[in-house]
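Taking it in order: structure first as C-alpha coordinates, then the write-up.
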Amino acid sequence: RAGSSNLPVDVAKGFATGIVLYSVPACVIGRSLNVNLRRSVALGSFIGSFRGLYGYLTSRDLPPAVEPYKKAIAASSSTFIMLSIDPSLTEWSVIASYLGLRAIRVLCPENFPPLAPIITLCVSTAQLISSWVFSPQDIALSQRNSLAKRFEIPDPSVLLPLRVGTATSCDVMHPSSSCKKHFIRLFVGDFHRGLRLYGIFAFIRVVTGVVKKNLNIPEVLQSWLRSSFYYAAFISLAMTGICTANKITPGAFTRLKLFCHCWIAGLALFIESPSARVDQATYVGCFALDSFYKTFKRFNPALFKNKKLHQMVSVAMWMSIISVLVQHSNQSKYIPRLLSLKS
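In C-alpha coordinates form, the structure reads like this:
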(Lines of atoms letter the chains of each structure in order from A and count residues from 1; the text may use other names and numbers.)
(Lines give C-alpha, C1' and ligand atoms only; values in the text may rest on other atoms or scores of the structure.)
Protein backbone atom coordinates (compact mmCIF):
# COMPACT_ATOMS: atom_id res chain seq x y z
CA ARG A 1 0.00 0.00 0.00
CA ALA A 2 1.06 3.58 -0.54
CA GLY A 3 2.78 4.87 2.58
CA SER A 4 1.48 8.21 3.91
CA SER A 5 5.02 9.44 4.74
CA ASN A 6 6.10 9.15 1.12
CA LEU A 7 2.80 10.33 -0.32
CA PRO A 8 3.97 13.66 -1.83
CA VAL A 9 6.92 11.93 -3.51
CA ASP A 10 4.67 9.14 -4.80
CA VAL A 11 2.20 11.67 -6.21
CA ALA A 12 5.01 13.58 -7.94
CA LYS A 13 6.40 10.35 -9.40
CA GLY A 14 2.94 9.42 -10.64
CA PHE A 15 2.48 12.80 -12.29
CA ALA A 16 5.88 12.54 -14.00
CA THR A 17 5.18 8.95 -15.07
CA GLY A 18 1.91 9.94 -16.74
CA ILE A 19 3.53 12.81 -18.62
CA VAL A 20 6.35 10.61 -19.91
CA LEU A 21 4.01 7.74 -20.85
CA TYR A 22 2.01 9.92 -23.21
CA SER A 23 4.38 12.66 -24.34
CA VAL A 24 7.27 10.48 -25.53
CA PRO A 25 5.22 8.23 -27.90
CA ALA A 26 3.16 11.25 -29.00
CA CYS A 27 6.30 13.18 -29.96
CA VAL A 28 7.65 10.17 -31.84
CA ILE A 29 4.53 9.91 -34.02
CA GLY A 30 4.38 13.68 -34.52
CA ARG A 31 1.31 14.72 -32.52
CA SER A 32 0.49 18.42 -32.10
CA LEU A 33 2.49 20.04 -29.29
CA ASN A 34 -0.62 21.63 -27.73
CA VAL A 35 -2.56 18.35 -27.73
CA ASN A 36 0.51 16.48 -26.54
CA LEU A 37 1.05 18.82 -23.58
CA ARG A 38 -2.61 18.89 -22.51
CA ARG A 39 -3.05 15.13 -22.65
CA SER A 40 0.28 14.49 -20.98
CA VAL A 41 -0.74 16.71 -18.08
CA ALA A 42 -4.16 15.02 -17.97
CA LEU A 43 -2.67 11.52 -17.79
CA GLY A 44 -0.06 12.65 -15.30
CA SER A 45 -2.80 14.19 -13.16
CA PHE A 46 -4.74 10.92 -13.27
CA ILE A 47 -1.85 8.80 -12.03
CA GLY A 48 -0.63 11.39 -9.53
CA SER A 49 -4.07 12.16 -8.10
CA PHE A 50 -4.91 8.46 -7.86
CA ARG A 51 -1.78 7.76 -5.85
CA GLY A 52 -2.57 10.70 -3.61
CA LEU A 53 -6.24 9.85 -3.09
CA TYR A 54 -5.61 6.15 -2.60
CA GLY A 55 -2.78 6.86 -0.17
CA TYR A 56 -5.04 9.20 1.78
CA LEU A 57 -7.92 6.71 1.89
CA THR A 58 -5.55 3.94 2.94
CA SER A 59 -4.33 6.00 5.89
CA ARG A 60 -7.87 6.66 7.16
CA ASP A 61 -10.26 4.49 9.15
CA LEU A 62 -13.11 4.10 6.68
CA PRO A 63 -16.54 2.56 7.31
CA PRO A 64 -16.62 -1.20 6.62
CA ALA A 65 -19.00 -0.65 3.70
CA VAL A 66 -16.56 1.77 2.04
CA GLU A 67 -13.23 0.12 2.89
CA PRO A 68 -13.26 -2.51 0.07
CA TYR A 69 -13.87 0.14 -2.59
CA LYS A 70 -10.96 2.50 -1.93
CA LYS A 71 -9.45 1.75 -5.33
CA ALA A 72 -12.70 2.40 -7.19
CA ILE A 73 -13.33 5.66 -5.33
CA ALA A 74 -9.82 6.94 -6.01
CA ALA A 75 -9.99 5.79 -9.65
CA SER A 76 -13.33 7.45 -10.41
CA SER A 77 -12.24 10.72 -8.78
CA SER A 78 -8.91 10.70 -10.64
CA THR A 79 -10.67 9.96 -13.93
CA PHE A 80 -12.93 12.96 -13.37
CA ILE A 81 -9.87 15.14 -12.77
CA MET A 82 -8.20 13.82 -15.93
CA LEU A 83 -11.26 14.46 -18.10
CA SER A 84 -11.73 17.92 -16.59
CA ILE A 85 -8.22 18.82 -17.75
CA ASP A 86 -8.71 17.32 -21.21
CA PRO A 87 -12.41 16.76 -22.08
CA SER A 88 -11.43 15.66 -25.60
CA LEU A 89 -10.26 12.35 -24.15
CA THR A 90 -13.91 11.27 -24.08
CA GLU A 91 -13.74 11.25 -27.90
CA TRP A 92 -11.27 8.35 -27.80
CA SER A 93 -14.04 5.91 -28.58
CA VAL A 94 -11.64 3.14 -29.65
CA ILE A 95 -9.77 3.33 -26.33
CA ALA A 96 -13.05 3.49 -24.43
CA SER A 97 -14.27 0.43 -26.33
CA TYR A 98 -11.09 -1.49 -25.53
CA LEU A 99 -11.19 -0.59 -21.84
CA GLY A 100 -14.92 -1.38 -21.74
CA LEU A 101 -14.32 -4.87 -23.10
CA ARG A 102 -11.52 -5.40 -20.58
CA ALA A 103 -13.85 -4.28 -17.80
CA ILE A 104 -16.51 -6.75 -18.93
CA ARG A 105 -13.90 -9.48 -18.95
CA VAL A 106 -12.75 -8.85 -15.37
CA LEU A 107 -16.34 -8.80 -14.16
CA CYS A 108 -17.09 -12.17 -15.72
CA PRO A 109 -16.66 -15.36 -13.70
CA GLU A 110 -13.65 -17.60 -14.22
CA ASN A 111 -15.72 -20.14 -16.16
CA PHE A 112 -15.91 -17.76 -19.11
CA PRO A 113 -17.66 -19.53 -22.03
CA PRO A 114 -14.88 -20.88 -24.30
CA LEU A 115 -16.79 -19.91 -27.45
CA ALA A 116 -17.31 -16.31 -26.32
CA PRO A 117 -14.07 -15.02 -27.96
CA ILE A 118 -14.96 -16.84 -31.20
CA ILE A 119 -18.47 -15.36 -31.28
CA THR A 120 -17.11 -11.92 -30.42
CA LEU A 121 -14.58 -12.07 -33.24
CA CYS A 122 -17.18 -13.32 -35.76
CA VAL A 123 -19.53 -10.41 -35.02
CA SER A 124 -16.65 -7.91 -34.86
CA THR A 125 -15.23 -9.01 -38.20
CA ALA A 126 -18.62 -8.80 -39.90
CA GLN A 127 -19.07 -5.25 -38.60
CA LEU A 128 -15.59 -4.06 -39.53
CA ILE A 129 -15.49 -5.43 -43.07
CA SER A 130 -19.04 -4.43 -43.96
CA SER A 131 -18.26 -0.93 -42.65
CA TRP A 132 -14.95 -0.79 -44.52
CA VAL A 133 -16.70 -1.49 -47.83
CA PHE A 134 -19.92 0.49 -47.41
CA SER A 135 -19.31 3.06 -44.64
CA PRO A 136 -15.56 3.57 -44.15
CA GLN A 137 -16.25 6.64 -42.04
CA ASP A 138 -17.61 4.31 -39.36
CA ILE A 139 -14.24 2.70 -38.60
CA ALA A 140 -10.98 4.09 -37.29
CA LEU A 141 -8.46 5.32 -39.86
CA SER A 142 -5.85 2.84 -38.66
CA GLN A 143 -8.24 -0.04 -39.36
CA ARG A 144 -9.15 1.36 -42.77
CA ASN A 145 -5.49 1.49 -43.72
CA SER A 146 -4.79 -1.95 -42.25
CA LEU A 147 -7.66 -3.62 -44.12
CA ALA A 148 -6.71 -1.88 -47.37
CA LYS A 149 -3.15 -3.16 -47.03
CA ARG A 150 -4.12 -6.70 -46.11
CA PHE A 151 -6.75 -6.95 -48.87
CA GLU A 152 -4.26 -5.34 -51.29
CA ILE A 153 -6.57 -2.43 -52.12
CA PRO A 154 -4.25 0.60 -52.36
CA ASP A 155 -6.95 3.00 -53.55
CA PRO A 156 -10.21 3.12 -51.51
CA SER A 157 -12.09 4.49 -54.52
CA VAL A 158 -11.81 1.01 -56.06
CA LEU A 159 -14.59 -0.08 -53.68
CA LEU A 160 -17.05 2.51 -55.01
CA PRO A 161 -18.58 0.20 -57.67
CA LEU A 162 -19.47 -2.24 -54.89
CA ARG A 163 -21.35 0.44 -52.99
CA VAL A 164 -23.36 1.55 -56.00
CA GLY A 165 -23.92 -1.98 -57.29
CA THR A 166 -22.19 -1.63 -60.66
CA ALA A 167 -19.69 -4.47 -60.13
CA THR A 168 -19.40 -7.77 -58.30
CA SER A 169 -17.11 -8.25 -55.33
CA CYS A 170 -14.81 -10.55 -57.32
CA ASP A 171 -14.46 -8.00 -60.14
CA VAL A 172 -13.41 -5.36 -57.65
CA MET A 173 -11.30 -7.33 -55.16
CA HIS A 174 -9.31 -9.53 -57.55
CA PRO A 175 -10.03 -8.58 -61.19
CA SER A 176 -6.98 -10.32 -62.64
CA SER A 177 -7.06 -13.65 -60.77
CA SER A 178 -9.47 -16.34 -59.64
CA CYS A 179 -10.93 -16.55 -56.14
CA LYS A 180 -8.72 -19.53 -55.30
CA LYS A 181 -5.50 -17.88 -56.49
CA HIS A 182 -6.32 -14.67 -54.63
CA PHE A 183 -7.15 -16.63 -51.47
CA ILE A 184 -3.73 -18.32 -51.61
CA ARG A 185 -1.98 -15.04 -52.36
CA LEU A 186 -3.57 -13.28 -49.40
CA PHE A 187 -2.87 -16.23 -47.12
CA VAL A 188 0.82 -16.40 -48.05
CA GLY A 189 1.28 -12.63 -47.82
CA ASP A 190 -0.39 -12.35 -44.43
CA PHE A 191 1.42 -15.42 -43.12
CA HIS A 192 4.72 -13.67 -43.83
CA ARG A 193 3.41 -10.52 -42.11
CA GLY A 194 2.25 -12.63 -39.19
CA LEU A 195 5.67 -14.24 -38.82
CA ARG A 196 7.26 -10.78 -38.59
CA LEU A 197 4.59 -9.36 -36.28
CA TYR A 198 4.36 -12.24 -33.83
CA GLY A 199 8.07 -12.90 -34.13
CA ILE A 200 8.56 -9.78 -32.01
CA PHE A 201 6.41 -11.25 -29.25
CA ALA A 202 8.18 -14.60 -29.58
CA PHE A 203 11.54 -12.87 -29.16
CA ILE A 204 10.29 -11.08 -26.04
CA ARG A 205 9.09 -14.41 -24.61
CA VAL A 206 12.49 -15.97 -25.30
CA VAL A 207 14.33 -13.14 -23.56
CA THR A 208 11.91 -13.24 -20.62
CA GLY A 209 12.25 -17.02 -20.41
CA VAL A 210 16.05 -16.81 -20.35
CA VAL A 211 15.98 -14.17 -17.61
CA LYS A 212 13.47 -16.10 -15.49
CA LYS A 213 15.09 -19.45 -16.34
CA ASN A 214 11.81 -21.00 -17.49
CA LEU A 215 12.29 -20.89 -21.27
CA ASN A 216 10.22 -23.42 -23.22
CA ILE A 217 11.33 -23.23 -26.86
CA PRO A 218 8.71 -25.69 -28.27
CA GLU A 219 5.92 -23.74 -26.57
CA VAL A 220 7.19 -20.40 -27.88
CA LEU A 221 7.58 -21.81 -31.39
CA GLN A 222 4.11 -23.35 -31.37
CA SER A 223 2.54 -20.10 -30.14
CA TRP A 224 4.41 -18.10 -32.81
CA LEU A 225 3.27 -20.37 -35.65
CA ARG A 226 -0.34 -20.62 -34.42
CA SER A 227 -0.63 -16.83 -34.20
CA SER A 228 0.87 -16.44 -37.68
CA PHE A 229 -1.51 -19.01 -39.17
CA TYR A 230 -4.43 -17.31 -37.42
CA TYR A 231 -3.38 -13.96 -38.83
CA ALA A 232 -3.24 -15.35 -42.36
CA ALA A 233 -6.45 -17.40 -42.13
CA PHE A 234 -8.38 -14.43 -40.76
CA ILE A 235 -7.98 -12.24 -43.83
CA SER A 236 -8.27 -15.16 -46.27
CA LEU A 237 -11.58 -16.29 -44.76
CA ALA A 238 -12.78 -12.69 -44.82
CA MET A 239 -11.97 -12.58 -48.53
CA THR A 240 -13.96 -15.80 -48.97
CA GLY A 241 -16.93 -14.15 -47.28
CA ILE A 242 -16.73 -11.15 -49.61
CA CYS A 243 -16.57 -13.36 -52.70
CA THR A 244 -19.41 -15.67 -51.68
CA ALA A 245 -21.65 -12.74 -50.77
CA ASN A 246 -22.19 -12.24 -54.50
CA LYS A 247 -22.09 -15.84 -55.64
CA ILE A 248 -24.32 -17.58 -53.12
CA THR A 249 -26.86 -14.97 -52.05
CA PRO A 250 -29.02 -13.54 -54.85
CA GLY A 251 -29.95 -9.90 -55.11
CA ALA A 252 -28.11 -6.62 -54.71
CA PHE A 253 -24.78 -6.44 -52.91
CA THR A 254 -25.62 -4.72 -49.62
CA ARG A 255 -23.96 -4.06 -46.29
CA LEU A 256 -26.32 -6.51 -44.57
CA LYS A 257 -25.44 -9.22 -47.07
CA LEU A 258 -21.73 -8.62 -46.52
CA PHE A 259 -22.24 -8.64 -42.75
CA CYS A 260 -24.00 -12.01 -42.97
CA HIS A 261 -21.08 -13.57 -44.87
CA CYS A 262 -17.91 -12.06 -43.41
CA TRP A 263 -18.46 -13.40 -39.90
CA ILE A 264 -16.77 -16.57 -41.14
CA ALA A 265 -13.37 -14.88 -40.68
CA GLY A 266 -13.84 -15.10 -36.92
CA LEU A 267 -13.57 -18.88 -37.12
CA ALA A 268 -9.85 -18.41 -37.73
CA LEU A 269 -9.54 -17.90 -33.99
CA PHE A 270 -9.84 -21.67 -33.53
CA ILE A 271 -6.29 -21.84 -34.93
CA GLU A 272 -4.94 -19.45 -32.31
CA SER A 273 -3.65 -20.68 -28.96
CA PRO A 274 -6.51 -20.82 -26.41
CA SER A 275 -4.58 -18.56 -24.03
CA ALA A 276 -4.39 -15.82 -26.69
CA ARG A 277 -7.96 -15.96 -27.98
CA VAL A 278 -9.44 -13.49 -25.52
CA ASP A 279 -6.77 -10.87 -26.28
CA GLN A 280 -7.18 -11.31 -30.05
CA ALA A 281 -10.97 -11.01 -29.81
CA THR A 282 -10.68 -7.98 -27.52
CA TYR A 283 -8.30 -6.21 -29.90
CA VAL A 284 -10.57 -6.61 -32.94
CA GLY A 285 -13.67 -6.18 -30.80
CA CYS A 286 -12.69 -2.71 -29.60
CA PHE A 287 -12.55 -1.42 -33.19
CA ALA A 288 -15.85 -3.13 -33.98
CA LEU A 289 -17.53 -1.68 -30.89
CA ASP A 290 -16.25 1.75 -31.89
CA SER A 291 -17.69 1.15 -35.36
CA PHE A 292 -21.08 0.13 -33.94
CA TYR A 293 -21.08 3.33 -31.89
CA LYS A 294 -20.24 5.53 -34.88
CA THR A 295 -22.87 3.79 -37.01
CA PHE A 296 -25.48 4.28 -34.29
CA LYS A 297 -24.46 7.92 -33.90
CA ARG A 298 -24.70 8.53 -37.64
CA PHE A 299 -28.20 7.05 -37.86
CA ASN A 300 -29.47 8.74 -34.68
CA PRO A 301 -28.06 12.28 -34.73
CA ALA A 302 -30.97 13.62 -32.66
CA LEU A 303 -29.75 11.65 -29.63
CA PHE A 304 -26.41 13.47 -29.73
CA LYS A 305 -27.62 17.04 -30.23
CA ASN A 306 -27.34 17.84 -26.53
CA LYS A 307 -23.55 18.03 -26.34
CA LYS A 308 -23.49 18.75 -22.62
CA LEU A 309 -25.57 15.67 -21.83
CA HIS A 310 -23.46 13.57 -24.18
CA GLN A 311 -20.29 14.76 -22.45
CA MET A 312 -21.75 13.96 -19.02
CA VAL A 313 -22.69 10.44 -20.12
CA SER A 314 -19.23 9.92 -21.63
CA VAL A 315 -17.51 11.07 -18.44
CA ALA A 316 -19.72 8.79 -16.32
CA MET A 317 -18.92 5.88 -18.62
CA TRP A 318 -15.16 6.50 -18.42
CA MET A 319 -15.33 6.81 -14.63
CA SER A 320 -17.24 3.53 -14.36
CA ILE A 321 -14.96 1.59 -16.71
CA ILE A 322 -11.70 2.74 -15.12
CA SER A 323 -13.11 2.18 -11.62
CA VAL A 324 -13.89 -1.44 -12.51
CA LEU A 325 -10.43 -2.02 -13.99
CA VAL A 326 -8.62 -0.50 -11.02
CA GLN A 327 -10.86 -2.19 -8.45
CA HIS A 328 -9.94 -5.54 -10.03
CA SER A 329 -6.31 -4.58 -10.64
CA ASN A 330 -5.17 -7.91 -9.20
CA GLN A 331 -6.11 -9.38 -12.60
CA SER A 332 -3.66 -7.09 -14.40
CA LYS A 333 0.12 -7.15 -14.62
CA TYR A 334 0.52 -3.44 -15.31
CA ILE A 335 -2.11 -1.47 -13.38
CA PRO A 336 -0.60 -2.19 -9.93
CA ARG A 337 2.84 -1.04 -11.13
CA LEU A 338 1.50 2.04 -12.85
CA LEU A 339 -0.61 3.16 -9.90
CA SER A 340 1.83 1.99 -7.20
CA LEU A 341 -0.59 -0.56 -5.77
CA LYS A 342 1.26 -2.99 -3.56
CA SER A 343 -0.22 -6.08 -1.96
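Take the sequence shown: its position 127, counted from the start at 1, is 836 in this note's numbering, and no numbers get skipped.
Cβ atoms here follow ideal geometry from the backbone N, Cα and C, with glycine treated the same way.
Model, not experiment: these values are computed from the prediction.
query                                                                                                                             : result
Where the alpha helix (DSSP H) through residue 989 begins and ends                                                                : 983 to 1008
Cβ pair residue 759, residue 1048 closer than 8 Å                                                                                 : yes
Nearest neighbour of residue 964, chosen from 766, 836, 1018 [CA to CA]                                                           : 836
Local conformation of residue 950 per DSSP, three classes                                                                         : helix
Closest residue to residue 793 among 1025, 1000, 896 (Cα-Cα distance)                                                             : 1025
DSSP-derived helix/strand/coil call for residue 977                                                                               : helix
Beta-carbon separation (whole angstroms), residue 937 vs residue 896, contact threshold 8 Å                                       : So it is not a contact: roughly 11 Å between Cβ atoms.
Cβ pair residue 749, residue 791 closer than 8 Å                                                                                  : no
Limits of the unbroken alpha helix (DSSP H) element including residue 968                                                         : 964 to 971
DSSP three-state assignment for residue 958, whether helix, strand or coil                                                        : coil
Collapsed DSSP secondary structure at residue 824 in the structure displayed                                                      : coil
Cβ distance (whole Å) where residue 803 is taken to contact residue 999 below 8 Å                                                 : 5 Å
Buried or exposed (CB count within 10 angstroms, at least 16 for buried), residue 941                                             : buried
Beta-carbon contacts of residue 970 that lie in its chain and below 6 Å, excluding the five residues immediately before and after : 950, 953, 954
Minimum length 3: unbroken beta strand (DSSP E) runs contained in the segment 824 to 868                                          : none
6 Å Cβ shell around residue 946 - same chain, five flanking residues per side excluded                                            : 973, 974, 977
Limits of the alpha helix (DSSP H) - the one that residue 1045 falls within                                                       : 1044 to 1047
Distance between residue 925 and residue 1020 (C-alpha atoms, nearest Å)                                                          : 49 Å
Distance cut-off 7 Å: residue 825 Cβ against heavy atoms of the ligand FAD                                                        : In the structure on display, the ligand FAD does not appear, and there are no ligands present to speak of.
Distance between residue 771 and residue 817 (C-alpha atoms, nearest Å)                                                           : 28 Å
Backbone secondary structure at residue 769 - three-state DSSP                                                                    : coil
Terminal residues of the alpha helix (DSSP H) in which residue 918 lies                                                           : 888 to 921
Local Cβ density within 10 Å of residue 1008, reported as buried at 16 or more and exposed below that                             : exposed
The segment 875 to 889 contacting the segment 902 to 912, beta-carbon criterion three pairs below 8 Å                             : no
Contact belief for residue 789 with residue 1028 at Cβ below 8 Å, rounded distance in angstroms                                   : 6 Å
Supposed contact pair residue 766 and residue 782 - C-beta distance, whole angstroms, cut 8 Å                                     : 7 Å
Same chain, Cβ closer than 7 Å to residue 834, neighbours up to 5 away in sequence not counted                                    : 947, 971, 972, 974, 975, 993
Three-way DSSP call (helix, strand, coil) for residue 1050 in this model                                                          : coil
Cβ-based burial, residue 763 [other Cβ within 10 Å; buried from 16]                                                               : buried
Alpha carbon of residue 1050 to alpha carbon of residue 928, nearest angstrom                                                     : 32 Å
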